[in-house]
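*Asks:* Quick one: the structure is below, questions incoming.
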Amino acid sequence: MMLAGRFTAMLSSIRQSLTSLTLTCTPSPPSPRLLSPRRLRLGTFNGNSIGLERKKRDRLPADLAAYRIDIDSLQETKISTETTQLIRNYSLITLKGSNPHYGVGFVVVPHLRRNVTSTWAVSDRIGVLQLRLRVGRVNTINAYAPYIEEVDIFATELATTHNKLQRWDLTFVLGDFNAKLGQPRDGEQFVGNWARGYRNRNGHLLADFCELRGLTATNTFFSRMPRILQRENNGVHCIDNQIGYILCPASVLKLCTNTDTWGGTLTNSDHKLVTADFKLRDVPRRLRLYYDEDTLTDYQRRLTAALQDDAENRSAASPQDRWGRVLRHAYTSVEGSVGYLPAGNKGRIADL
15 MMLAGRFTAM LSSIRQSLTS LTLTCTPSPP SPRLLSPRRL RLGTFNGNSI
65 GLERKKRDRL PADLAAYRID IDSLQETKIS TETTQLIRNY SLITLKGSNP
115 HYGVGFVVVP HLRRNVTSTW AVSDRIGVLQ LRLRVGRVNT INAYAPYIEE
165 VDIFATELAT THNKLQRWDL TFVLGDFNAK LGQPRDGEQF VGNWARGYRN
215 RNGHLLADFC ELRGLTATNT FFSRMPRILQ RENNGVHCID NQIGYILCPA
265 SVLKLCTNTD TWGGTLTNSD HKLVTADFKL RDVPRRLRLY YDEDTLTDYQ
315 RRLTAALQDD AENRSAASPQ DRWGRVLRHA YTSVEGSVGY LPAGNKGRIA
365 DL
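Per the numbering used here, residue 15 is the first one in the sequence shown, and the count goes up by one each step.
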């Protein structure tokens, strides 16, 4: 009887525990590795419309927090208005467009919100986010390429956008390119050995874009092969294609510590989230060139006068001595016009 009483009490306790549970169809978010605060994690994600309030305010911020994303570029937002709003402390920036079926935007982590200096839309498929970090100005170009129609116009706009940004800035290009780069050809350095598929037309345009501008597709250099796109059709899985990329300058590729593709996001989409980690603390500072017309004119005037005054002495000297005199006059003219770089201004140099 004592054992029966204990068994009955145990069953009652289990019944009460089960009735207190609340079942939910929302899966728990994954728990990826923690990031060092010295690293910057970029992400790109085709969200298949984030216009729904629940998707925008609940699921998207949960994914950003779970995957520790600092800056996320969104494609196919289907929002054509220019707005900046808070979603669980994240800054959601949507850019102005003319076609409500496209749209691009960005999401910025709270501690980088004050570093955002400018955002603008180039078209319905291209947007730019600028930040000011310790390494200098960082540009993020968000690209959402068409499949076939207007792809040439898109490629031209993307190239023009990249060309207009300053050379000394650190510029990333990321998004859904609908392009397959495939394996590297003839010693190509911008694509790694872990690219999938065969190069299609968009892939050729993307390859030309990378090669001409010294960019590399980071997520083709890591062996944990990202599978960017996964679709289901009548319950049958189609072939996974790699069509989304995070591009960085070739000189910065060594600072990319990892790239990953994440499935099972709470934000419903037939695309997968792609991330890349960068150790921006180790980015070498680039000298910033400033062109000053007045300084150049003063330098030319000083050098011309010095060479005219020393014309007789140079004519009687040997060729080596004449060249030495010209160099000394050039240095003297530079000291008088440009001067020396101030101790607190090591990040730039005058460009004559």
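Glycine included, C-beta positions come from ideal geometry on N, C-alpha and C.
All values reported here derive from a predicted model rather than from experimental measurement.
(1) For Phe120 versus Ser87, is the C-beta spacing smaller than 9 Å?
(2) For the region 72 to 83 against the region 55 to 62, do three or more pairs of beta-carbon atoms, one drawn from each stretch, fall closer than 8 Å, so that the two count as touching?
(3) Does Tyr313 pass the burial test, meaning 16 or more other C-beta atoms within 10 Å, or should it be called exposed?
(4) State the DSSP-derived secondary structure class of Arg55, mapped to helix, strand or coil.
(5) Classify Phe204 as helix, strand or coil using the three-state DSSP reduction.
(6) Determine the direct distance from the alpha carbon of Ala325 to that of Gly350, and round the result to whole angstroms.
(7) Using 9 Å as the threshold, is the C-beta distance between Phe186 and Asn153 below it?
(8) What's the call for Asn103, buried or exposed, on a 16-neighbour Cβ count within 10 Å?
(9) Using a Cβ-Cβ distance cut-off of 9 Å, determine whether Glu164 contacts chain D.
(10) When you compare each of Glu164, Asn129, Val123 to Arg139 by their alpha carbons, which one comes out closest?
(11) Please report the Cβ distance between Ala157 and Leu172, rounded to the nearest whole angstrom; I am assuming they are in contact, meaning their Cβ atoms lie under 8 Å.
(12) Could you spell out the range, first to last residue, of the alpha helix (DSSP H) harbouring Val348?
(13) Assuming Gly277 is part of the alpha helix (DSSP H), what are its boundary residues?
(14) May I ask you to report which of helix, strand or coil DSSP gives Leu229?
(15) Hey, Phe236 and Leu267 are a contact pair by Cβ (cut 8 Å); roughly how many whole angstroms apart?
(16) Once the 5 residues before and after Leu48 are set aside, which same chain residues still bring their CB inside 6 Å of it?
(17) From Arg215 to Asp190, what distance separates their C-alpha atoms?
(18) Using 10 angstroms around the beta-carbon of Ile162, count the other beta-carbons present and answer buried if the total reaches 16, otherwise exposed.
*Replies:* Looking at the coordinates:
(1) Yes, Cβ-Cβ distance for Phe120 and Ser87 is below 9 Å.
(2) Counting Cβ pairs under 8 Å, three or more are found: they touch.
(3) Classification of Tyr313: buried, given that the 10 Å Cβ count is 16 or more.
(4) Look at Arg55 here: in three-state DSSP terms it is strand.
(5) Coil at Phe204, not helix or strand.
(6) Distance between the alpha carbons of Gly350 and Ala325: 20 Å.
(7) Closer than 9 Å, so yes.
(8) An exposed status is given to Asn103, since fewer than 16 other beta-carbon atoms sit within 10 Å of its beta-carbon.
(9) Among the chains of the structure shown, chain D does not appear; only one protein chain is present.
(10) It is Glu164 whose Cα lies nearest to the Cα of Arg139.
(11) Confirmed, about 6 Å.
(12) Taken as a continuous stretch (DSSP letters only), the alpha helix (DSSP H) holding Val348 covers 333 to 351.
(13) First-last for Gly277: undefined, no H or E at that position.
(14) In the three-state reduction of the DSSP assignment, Leu229 falls in the strand class, which pools E and B.
(15) The beta-carbon distance between Phe236 and Leu267, rounded to whole angstroms, is 11 Å. This is too long to meet the 8 Å contact definition.
(16) Confidence in Leu48 is poor, its pLDDT being 47 and thus under 50, which makes the residue's placement unreliable; the coordinate value appears in the next sentence. Closer than 6 Å at the Cβ level, and outside the excluded window around Leu48, lies no residue.
(17) Distance between the alpha carbons of Arg215 and Asp190 is about 15 Å.
(18) Burial call: exposed.
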